[in-house]
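Enquirer: For reference, the structure I am asking about is given below.
Given below as structure tokens:
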């Protein structure tokens, strides 16, 4: 195999890996399918031209390249959830009950921040103390989870979900008791 051919194969793999990690369904699945078809052809051609061992090496190189890129994207910082957790919010008081937090209308944020709390009535009077009135969503979540049995969940559908950016948090943040 010539260097130009090998370089072209790696560039095609990089391009299809980018499409796989940065685009949403069904485009990313199409990119994966195209890559799989191309790899099959490349491995067969390489095995015919240079023997079975060369075909195995071709397959290992392709699988390794794609795996490294997909894993790098999956663990990359900057996911939509990470961005949401970094957003700053302002609370009316540094200590609030779950009941007060369940009705966020009195203190609308300048930038919409949607969340909901589904808690049993016996938690309504539970006071949550926050580290400050101005805090990040991540700090807000940590305070609620550290002082109550409630756990968070970011709601989103699969639309616009990508390996690189994650889910879009279109349904906001919710707190509820964990399933038993």
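Residue numbers (our numbering): 771 to 950. Virtual Cβ for every residue (Gly too), placed ideally from N, Cα, C. Just so you know, these numbers come straight off a predicted model, no measurement behind them.
(1) Considering just the uninterrupted stretch of the beta strand (DSSP E) at residue 945, what are its terminal residues?
(2) Compare the beta carbon distance of residue 792 and residue 801 with 7 Å and say whether it is the shorter of the two.
(3) Taking the beta carbon of residue 860 as the centre, do at least 16 other beta carbons fall within 10 Å, making it buried, or is it exposed?
(4) Please say whether residue 942 and residue 857 have beta carbons closer to each other than 7 Å?
(5) Compute the distance between the beta-carbons of residue 926 and residue 937, then report whether it is under 7 Å.
(6) Could you give the uninterrupted runs of the beta strand (DSSP E) lying entirely in the region 869-926, keeping only those of 3 residues or more?
(7) If you draw a straight line from the alpha carbon of residue 779 to that of residue 947, how long is it in whole angstroms?
(8) Tell me whether the beta-carbon of residue 914 lies closer than 7 Å to the beta-carbon of residue 905.
(9) According to DSSP, is residue 859 part of a helix, a strand, or is it coil?
(10) With distances taken from CA atoms, which of 777, 774, 782 and 949 is nearest residue 806?
(11) How long is the line joining the alpha carbons of residue 824 and residue 830, rounded to whole angstroms?
(12) Would DSSP call residue 783 helix, strand or coil?
Expert: From the atom records:
(1) 943-946
(2) no
(3) exposed
(4) no
(5) yes
(6) 885-888, 897-899, 904-906 and 921-924
(7) 50 Å
(8) no
(9) strand
(10) 782
(11) 10 Å
(12) helix
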